[in-house]
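First the structure, in the form of structure tokens, and then the observations on it.
Numbering (our numbering), first residue to last: 7 to 179.
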């Protein structure tokens, strides 16, 4: 309770297990938007949006590049790409008055749906980007998995609870 997360000190982006994404300046992380349906019926005052558990709308991750790179072009390959983001959060312990690093890791896999090569301008960054559709995602803090989502294998685990186990059982998976 005394740990105050302050900032992401630094991060590295890996493509397919290699430290090839050194030119990435920042990454826009995906949002979890549940698929919903409006429920209205007798006995309900009005209506509400009901999420379909484990079913998520399209999820995107955007990599922003400093300059045009070979790795950015590789993302044009029509295949799923594995991106491994590893970061160090700076955490202040209010009880001891000391700082420490806390590891954060996000692994995603999916194909690129958009690759923007950026622009050419004299003595300036080209500023391209790549957008990936996420089929698989795993989020870890200090090595502990907090979220795992696998669109094709019916996996949606949050804080150790497998919310799709019943669905997999019902479907004979």
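Ideal Cβ placement from N, Cα and C applies to all residues, glycine included. Computed from a predicted model, the values in this text were never measured in an experiment.
| Check | Outcome |
| --- | --- |
| Whole-angstrom C-beta distance between residue 132 and residue 73, which should lie under 8 Å | 5 Å |
| Assigned exposure category for residue 65 - 16 Cβ within 10 Å defines buried | buried |
| Where residue 76 falls, given that 16 or more other Cβ within 10 Å makes a residue buried | exposed |
| Span separating the alpha-carbon of residue 40 from that of residue 170 | 14 Å |
| C-beta contact flag for residue 35 and residue 138 at 8 Å | no |
| Residue 94 versus residue 105 - alpha carbon distance | 12 Å |
| Through-space distance from residue 29 to residue 7, alpha-carbon basis | 36 Å |
| Anticipated Cβ contact below 8 Å, residue 22 with residue 87, distance rounded | 7 Å |
| Validate contact between the stretch 112-128 and the stretch 137-154 using beta carbons, cut 8 Å, 3 pairs | yes |
| Closest Cα partner of residue 56 within the set 121, 43 and 176 | 43 |
| Rounded C-alpha distance that separates residue 70 from residue 26 | 14 Å |
| Burial state of residue 81 (16 or more Cβ within 10 Å) | buried |
| Residue 92: first and last residue of the uninterrupted beta strand (DSSP E) it sits in | 86-99 |
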